[in-house]
Amino acid sequence: MDREKIMKRKILLGVCGGIAAYKSAEVIERLKKKNEIKVVMTPNSAHFITPLTLQTLSGNPVYSEVFVLPKEWEIVHISLAEWAEIILVLPATANIIGKVSSGIADDLLSTIIMATTSPVIFAPAMNKNMWKNAILQENVKKLKRAGYHFIEPVTGLLASGEKGIGHLAPVEKIVKEVKRRLNGKK
254 MDREKIMKRK
264 ILLGVCGGIA
274 AYKSAEVIER
284 LKKKNEIKVV
294 MTPNSAHFIT
304 PLTLQTLSGN
314 PVYSEVFVLP
324 KEWEIVHISL
334 AEWAEIILVL
344 PATANIIGKV
354 SSGIADDLLS
364 TIIMATTSPV
374 IFAPAMNKNM
384 WKNAILQENV
394 KKLKRAGYHF
404 IEPVTGLLAS
414 GEKGIGHLAP
424 VEKIVKEVKR
434 RLNGKK
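Going by the numbering used here, the sequence shown opens with residue 254, and the numbers climb by one from there.
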């Protein structure tokens, strides 16, 4: 059992405030057998899925606050940034994409992303007009040039009831990409 835990890969899952946040539970279930997963939730994400759900599925505490007194001495955003072999942001909202592309680190997830040297994968999900917004698209291009990775959204049913681009990519595709990146493939 201890040997198994040592060999597990370390995935940090950043969950943002969007309706697709519920898909983070399925991603955890698909990745947890061979990986250790820790979850960081933005404040808005808890409106869509509970920390208890993600803690139960991951088997680890869920992190959400930058300024929490830990039980042991650690700087939370630095220790999580160094712990993670890969960071998956799902759903990646326009907000987190804009923050990171502008160098803004004002919550736990954005500070971790700014402090990590590990690969970061964004899996965006949002309204079709938000996804097509010229500023957002410039932010995506800027992040790609800086070495961040994206699993592009697909056309599908959106929270508004409309069909269009902005639907979270299929979970199978997201899981496959995380595994591929963990195995060092570009």
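Even glycine gets a Cβ: it sits at the ideal position worked out from N, Cα and C. Computed from a prediction, not measured in an experiment: that's the story for all the values here.
Assumed close pair residue i, residue j - CB separation to whole angstroms, cut-off 8 Å
i, j, result
"residue 411", "residue 381", "6 Å"
"residue 360", "residue 295", "6 Å"
C-beta contact flag for residue i and residue j at 8 Å
i, j, result
"residue 346", "residue 270", "yes"
"residue 373", "residue 402", "yes"
"residue 435", "residue 283", "no"
"residue 311", "residue 281", "yes"
"residue 404", "residue 385", "no"
N-terminal and C-terminal residue of the beta strand (DSSP E) that residue i is part of
i, result
"residue 341", "339 to 345"
"residue 265", "262 to 268"
"residue 410", "407 to 410"
When the options are compared against residue i, the one with the closest alpha-carbon
i, options, result
"residue 431", "370, 343, 378 and 315", "343"
"residue 379", "287, 395, 317 and 408", "408"
"residue 348", "337, 313 and 267", "267"
"residue 397", "353, 413 and 358", "353"
"residue 419", "286, 265, 273 and 400", "273"
"residue 291", "334, 276 and 302", "334"
"residue 336", "293, 399 and 428", "293"
"residue 437", "275, 260 and 338", "338"
"residue 301", "406, 377, 278 and 286", "278"
Backbone CA spacing between residue i and residue j [nearest angstrom]
i, j, result
"residue 350", "residue 388", "10 Å"
"residue 307", "residue 391", "32 Å"
"residue 340", "residue 375", "8 Å"
"residue 264", "residue 314", "14 Å"
"residue 369", "residue 433", "19 Å"
"residue 394", "residue 357", "17 Å"
"residue 400", "residue 371", "10 Å"
"residue 254", "residue 288", "Since pLDDT at residue 254 reaches only 46, below the 50 mark, its modelled position is unreliable, and the value read off the structure follows with that caveat. C-alpha separation (whole angstroms): 13 Å."
"residue 297", "residue 362", "12 Å"
Residue span of the alpha helix (DSSP H) that contains residue i, given as start and end
i, result
"residue 392", "387 to 398"
"residue 290", "From DSSP, residue 290 is part of no alpha helix (DSSP H) but of the beta strand (DSSP E) over 288 to 294."
"residue 364", "361 to 368"
"residue 278", "276 to 284"
"residue 427", "424 to 435"
"residue 331", "329 to 336"
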